[in-house]
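Asks: To start, I am sharing the structure in question, which I have written as structure tokens.
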Amino acid sequence: MKKYLFNKITNQFSSNTLRMVCYLFISVVAMTPVFGQQTKVKGKIIDSKTNEAIPFVNIIVLGTKQGIQTDINGNYTMDIQDGQATKIQYSSIGYKTEVKTFKKEISQTISIKLIPQSQNLSEVTVKAKKDKYRNKDNPAVVLIRKVIAHRDENRKEGMAFYQYEKYEKIQLNLNNIDEDYKKKKAFKNFQFIFDNLDTSKTTGNVSLPLYLKETVADVYFRKNPQEEKVYIKGEKKIGLDQYIDNNGIASYINRLYEDINIYDSNISLLTNQFISPISNLSPTFYRFVILDTLQFQNMKCVNLGFSPRNPTDFAFVGNMYISLDSNFSVRKVKLGVPRSINLNFVNELLVEQEFVPVEDNKLMLSKDEITIDFGFSKKENKRGILGKRSVSYQNYVLNKPIENSIFKPIQKNILMDMALDQGDDFWANARHQGLNNVEQGIYKMADSIQQVPAFKRLMTVAGLVLFGYKDFGDFEIGPANAFYSFNPVEGFRLRFGGRTMAKLNPKLYLETYAAYGFKDERWKGYIGATYNLGKNSIYEFPNHYIRASYQEEVRIPGQELQFIQEDNVLLSFKRGVNDKMTYNKIFRLDYRHESRNGISYELGYKNLTQEAAGSLKFERYNTSNTSPDTQLYNEKDLTSSEVSVNLKFAPNEQFYQGKNYRIPIINKYPIFQLRYSLGIANFLKGDYNYHNVTFRANKRFFVSPIGYTDITAEGGKIFGTVPYPLLMIHRANQSYSYQLESYNLMNFLEFASDKYAAIFVDHYFNGFIFNKLPLIKKLKLREVITFKGLWGGISANNLPENNLSLYRFPQAADGTILTNSLANGPYMEASVGVSNIFKIFRIDLVKRLSYLDNPNVSEYGIRGRFKFDF
4 MKKYLFNKIT NQFSSNTLRM VCYLFISVVA MTPVFGQQTK VKGKIIDSKT NEAIPFVNII
64 VLGTKQGIQT DINGNYTMDI QDGQATKIQY SSIGYKTEVK TFKKEISQTI SIKLIPQSQN
124 LSEVTVKAKK DKYRNKDNPA VVLIRKVIAH RDENRKEGMA FYQYEKYEKI QLNLNNIDED
184 YKKKKAFKNF QFIFDNLDTS KTTGNVSLPL YLKETVADVY FRKNPQEEKV YIKGEKKIGL
244 DQYIDNNGIA SYINRLYEDI NIYDSNISLL TNQFISPISN LSPTFYRFVI LDTLQFQNMK
304 CVNLGFSPRN PTDFAFVGNM YISLDSNFSV RKVKLGVPRS INLNFVNELL VEQEFVPVED
364 NKLMLSKDEI TIDFGFSKKE NKRGILGKRS VSYQNYVLNK PIENSIFKPI QKNILMDMAL
424 DQGDDFWANA RHQGLNNVEQ GIYKMADSIQ QVPAFKRLMT VAGLVLFGYK DFGDFEIGPA
484 NAFYSFNPVE GFRLRFGGRT MAKLNPKLYL ETYAAYGFKD ERWKGYIGAT YNLGKNSIYE
544 FPNHYIRASY QEEVRIPGQE LQFIQEDNVL LSFKRGVNDK MTYNKIFRLD YRHESRNGIS
604 YELGYKNLTQ EAAGSLKFER YNTSNTSPDT QLYNEKDLTS SEVSVNLKFA PNEQFYQGKN
664 YRIPIINKYP IFQLRYSLGI ANFLKGDYNY HNVTFRANKR FFVSPIGYTD ITAEGGKIFG
724 TVPYPLLMIH RANQSYSYQL ESYNLMNFLE FASDKYAAIF VDHYFNGFIF NKLPLIKKLK
784 LREVITFKGL WGGISANNLP ENNLSLYRFP QAADGTILTN SLANGPYMEA SVGVSNIFKI
844 FRIDLVKRLS YLDNPNVSEY GIRGRFKFDF
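In this note's numbering, the protein residues as written are 4 to 873.
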């Protein structure tokens, strides 16, 4: 979501800016004397047969000792010092050697296609088994197995304790800026942003810095029990606070740029998991080749190259320096990904790490850099976002006991009190390396650009398009996707509303809307007031507030608003009949408290009056009469009065946070929720006494290399005698949208329970199967399978046939009972789907597996869903 926001903004915000600087730079160079001008050669080396980039090609200037290798993506740049040389040699194992002539004292591009040697061999030789890559008797595989065998002793987590200081810098730049882009009308009033253009030393591309974040932290680790704590002493970010939530951006960027441990079996990066080249499974998924031997850090090392056997798997291409001693440790590593990988919006990726001996020659990280070129197009010189994360490590202390108090906080990352308010003196001393002129200019540019009317208009339009709200400074109106909708009870429905923002009053937030149905000719609406008890906005994690609200609204029973927003216009289209609804009058009083340690709780009171709407009826018998068949009557409404406690434990929970909203970022940590509600009769017109307990847990499991699985389990129990509107009416879906946590082929009000257990399983293969199919793999499609199961029942005291004082279950016009109790086993459905269609769409074929004889059900259905992912 956040990356989409950046691209959306920058595509309009960066065309004119970079070209001007390039043009001025070229003009200056053209007028400069050429005495002593260097010869600069750059280019890309690819396979002539497959057009895939060839990494680690040896490039030598003939007649000199000067030479380099291509990087992971086949690119190279070199400055040639010897004025007598005129030829460059390109060689790589398995390819014919090529020699090219270059021109002196100019910059030039020489890109070539190397020819595989096997093309020159006879047919018999090509088919010979000895030419095929194999693990057996392969010295490179023997070497990597030794690295794997010594993995645990070489990883830093093998120590009893360690601590160090960490300085991290994350920068996002708009890439490939040229003169035409800078001349666009959108930048007429703020050309000053182009004063901070940066030029890559390797590619020569010009970029415009957009975002900068710096962090200084002390890191502590102990092995038993294993814990790592990060105490953040200073944090500084570029400030576009008026339009973009910097904490939200930082959370999402941290999710994209996770710490990489080469010794882990699986490496998390860009919200996906990659098989490590040092995993136990790596000989199965990787090809290894010994490139050469060399001296590095006074140690004889082997330069070991690796690449995935299938270039579409989530695996790396790269090389590593492995020490030729008894430790077989990694001294240096470069990681990249093949361009053919099923990864959205990533043109190039490069990870570089170096290790140095510290105490007792224990190897620890000294250099850690991740560079990612994001973009919508794979074509070269297309504009996109260039992101770079650089981390420096100092002050290592190894195997010295650390006080237990350091590990007491539950959360991993602890933001210290003064971290966000550190001054210039702190940063001058805390940075492991100073900022260059371009980086220093980013902070100044961010302050200036927010004053430009054109930028304000751009951000306003972006907010309306992306998030549905029109910002007026002190308040905003929206959401736009709820202005218009329709349903069988209200008919054509219009809604208009808005909410105040922290700029008006950081302590008091007001929100309201009014809606009118032209068929039922009734007004609906909402008004709420929230008093902020915390330091942050009420939309920013962690929340701490008191809220009072009153709402009159129509809804489908069982459709909980935390799972689906029914007045979204896209959900107005339904299958089948869905005219059984309720008018609701809801008064709520809530106290919510979240904390960074992952524990949150909510105390609440809710008074709910439900009135049957459409064809739904609250019917029951007059039990005082001996002939109940003649005493069936409609109850006008039903009132419940309940207090509740909701507990939640979500360690290391993360959100992408906008100004007035937040979106959870799914990570590897579980989330647990426990809710208890007490219904009180005769209190503020409450009709029933009951207890309601529900439990919910969800977690993402990474199953590299075949994707990941999201599992949600929930269950609940109602104690007491209540009519069906107060039972657990299970979440059905009669729209054509695929809903993750609803039953997509279940009809509204089809099942109800007073005790239940449910499981939702979604496995995303990330293209593991499709990537191996010719033709199909070019589409970058991804496979997904799901299963949903629901077990439940209704106690005898809550069945209308056993208790005539309860409402009858909803019935069709012919008397068929439409609501069931799951007495004949679980409800189940499964689906197979294709996602990443045009990178944003998913479509599923859903099959209902049980209760096929229920009225008006479909055994199969096709559902779609918009899903934006990497």
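Beta carbons are placed, not taken as given, at the ideal position from N, Cα and C, and that holds for glycine.
(1) For F576, which residues in the same chain have their Cβ closer than 8 Å to its Cβ, ignoring the five residues on either side in sequence?
(2) Can Q72 be considered in contact with the ligand MG, in the sense that its beta carbon sits closer than 7 Å to one or more heavy atoms?
(3) Report yes if the C-beta distance between Y691 and G719 is below 8 Å; otherwise report no.
(4) Would DSSP call V394 helix, strand or coil?
(5) Entirely within the region 692 to 718 and at least 4 residues each: give me those alpha helix (DSSP H) ranges in chain order.
(6) Among the candidates E622, E230, Y223 and S282, whose CA atom is the shortest distance from the CA of Y167?
(7) Is F495 buried or exposed, if buried means 16 or more other CB atoms sit within 10 Å of its CB?
(8) Can you name the start and end residues of the alpha helix (DSSP H) that R154 belongs to?
(9) For M749, count neighbouring C-beta atoms within 10 Å of its own C-beta (all shown protein chains included) and say buried if the count is 16 or more, exposed if not.
(10) Between R392 and Y260, which are expected to be in contact by the criterion C-beta below 8 Å, what is the C-beta distance as a whole number of angstroms?
(11) What do you reckon, are the CB atoms on M302 and D328 nearer than 8 Å?
(12) If you measure between the beta carbons of E786 and F768, is that distance less than 8 Å?
(13) Where does the unbroken alpha helix (DSSP H) through A799 begin, and where does it stop?
(14) Going by alpha carbons, who is nearest to I559 out of R591, A532, I541 and N736?
(15) What residue from P119, T42, T89 and F773 has the CA that sits closest to D82's CA?
(16) How should A220 be labelled, buried or exposed, when 16 other C-beta atoms within 10 angstroms of its C-beta is the threshold for buried?
(17) Which class does K43 belong to by DSSP, given the choice of helix, strand or coil?
(18) Quick one: grab the DSSP three-state call for E231.
(19) Quick check: the Cα distance between A431 and D371, rounded to an integer number of angstroms?
(20) Please state whether the Cβ-Cβ distance between F317 and P708 is less than 8 Å.
(21) Who does Q657 pair with in a DSSP beta bridge?
(22) Unbroken beta strand (DSSP E) runs of length 3 or more, entirely within the region 43 to 105: which are they?
(23) To the nearest angstrom, how far is the alpha carbon of I63 from that of V102?
(24) Here's the rule I'm using: 16 or more other beta-carbon atoms within 10 Å means buried, otherwise exposed. How should A485 be labelled?
(25) Taking the straight line between their C-alpha atoms, what separation do you get for V44 and I113?
(26) Taking the alpha-carbon positions, what's the F429 to K791 distance?
(27) In terms of residues, what are the limits of the alpha helix (DSSP H) holding F429?
(28) Taking only runs of the beta strand (DSSP E) that begin and end inside the region 504 to 543, which ones reach a length of at least 3 residues, in chain order?
(29) Under 8 Å, do R502 and F475 count as touching if we go by C-beta distance?
(30) What residues in its chain sit with their C-beta under 6 Å from that of I373, if we drop five residues either side in the sequence?
(31) Which term fits V492, buried or exposed, when burial requires 16 or more other beta carbons within 10 angstroms of its beta carbon?
(32) Contact between the region 641 to 648 and the region 514 to 533: three or more CB pairs below 8 Å?
(33) Over what stretch of residues does the alpha helix (DSSP H) that includes P286 continue unbroken?
(34) Which term fits Q298, buried or exposed, when burial requires 16 or more other beta carbons within 10 angstroms of its beta carbon?
(35) What is the rounded straight-line gap between the Cα of Q397 and the Cα of K107?
(36) Return helix, strand or coil for D847, following the three-state DSSP convention.
Replies: This is what the structure gives:
(1) S738 and Y739
(2) Among the components of this structure there are no ligands whatsoever, and the ligand MG is therefore not found.
(3) no
(4) strand
(5) Counting only runs of 4 or more, we get nothing.
(6) Y223
(7) exposed
(8) R154 to N157
(9) So M749 ends up on the buried side.
(10) 4 Å
(11) In this structure, M302 sits near D328, with a CB-CB distance shorter than 8 Å.
(12) yes
(13) First-last for A799: undefined, no H or E at that position.
(14) N736
(15) T42
(16) buried
(17) strand
(18) strand
(19) 21 Å
(20) Yes, the Cβ-Cβ distance between F317 and P708 is below 8 Å.
(21) I668
(22) 61 to 64, 70 to 72, 78 to 83, 90 to 94 and 101 to 104
(23) 9 Å
(24) buried
(25) 7 Å
(26) In a straight line, the C-alpha of F429 is about 54 Å away from that of K791.
(27) D427 to A433
(28) 511 to 520 and 525 to 535
(29) no
(30) Y260, V354 and R392
(31) So V492 ends up on the buried side.
(32) Taking one beta carbon from each stretch, the region 641 to 648 and the region 514 to 533 have fewer than 3 pairs nearer than 8 Å; the two do not touch.
(33) For P286, the enclosing alpha helix (DSSP H) begins and ends at S285 to F288.
(34) Exposed.
(35) 43 Å
(36) strand
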